[in-house]
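Chemist: Got a structure for you, questions after.
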Amino acid sequence: MGHPLLYRRAAPVEDPTDPALRALVADMRDTMRALNGAGLAAPQIGVSLRVVIFGVEANPRYPEAEPVPQTVLINPSIQVLGRETETGWEGCLSVPGLRGRVTRPRRIRYRGLTLEGETLDRTVEGFHARVVQHECDHLDGVLFPMRLKDPRDLVFEEVLAGEAGGEI
Ligand code: NI
């Protein structure tokens, strides 16, 4: 947090099948796995391109989260479905040690390209929708603390873990 690249609008990818992009995604996967992240956007590792990855199996950072398929999304777009919102805790590998209570649309349709140049089109809700919105925010220079309605909704992980009575 604080690095200028994280507040910039990232550039669209011209050729999703470019081998250089494959190498970038491999770097992103390594970073995400090493830090137990639920997702990662290219600007978080210093590359200002519209590429995100996400996926949740059993994740110690999100023990109660429903699984989200491992996904690479290039040049993503999001359409909000309905007016319903949901408030939930978010963390970010660019905002270490902190969690925030963020309100977001509950249901979305998202589209983007895969590394094979195929179109991905999914309608999702809940945690899956939250993860996608969080990662795509990174491509527009938005970090989750900028979405908080009340600064008191930003807390240290240790405090939240204490409240929950367990590890997060
Ligand atoms: Ni993040």
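Numbering of the sequence shown is given in this note's numbering, commencing with residue 1294 and proceeding in unit increments.
Just so it is clear, CB atoms sit at the ideal spot from N, CA and C, and this is done for glycine as well.
What you are looking at is a predicted structure, and each value in this text was computed from that prediction instead of being measured.
What are the uninterrupted segments assigned as alpha helix (DSSP H) that are 4 or more residues long and contained completely in the region 1303-1386, given in chain order?
Modeler: Those alpha helix (DSSP H) runs which fall completely within the region 1303-1386 and span 4+ residues are 1312-1327.
Chemist: Count the other C-beta atoms from every protein chain shown that fall within 10 angstroms of the C-beta of Thr1378, then say buried if there are 16 or more, exposed otherwise.
Modeler: Counting Cβ neighbours within 10 Å, Thr1378 comes out exposed, since fewer than 16 surround it.
Chemist: I want to check one thing, is the minimum distance from the CB of Gln1337 to the heavy atoms of ligand 1 below 8 Å?
Modeler: Indeed, a heavy atom of ligand 1 lies less than 8 Å from the Cβ.
Chemist: Below 8 Å on the Cβ atoms is my contact criterion, and I expect Leu1328 with Ser1387 to pass it. Report the Cβ-Cβ distance as a whole number of Å.
Modeler: The pair is not a contact, with the Cβ atoms about 10 Å apart (cut-off 8 Å).
Chemist: Tell me, which residues are paired with Leu1447 by DSSP?
Modeler: In DSSP, Leu1447 forms a bridge with Gly1393.
Chemist: Is DSSP giving Gly1455 helix, strand or coil here?
Modeler: Helix at Gly1455.
Chemist: What whole-angstrom Cβ distance do Glu1383 and Val1395 have, given they're in contact under 8 Å?
Modeler: Confirmed, Cβ separation roughly 5 Å.
Chemist: Distance, Cα to Cα, Phe1347 vs Gln1426?
Modeler: One C-alpha to the other measures close to 11 Å.
Chemist: Among all the DSSP beta bridges, which residues are the ones paired with Pro1398?
Modeler: Thr1378, per the DSSP bridge assignment.
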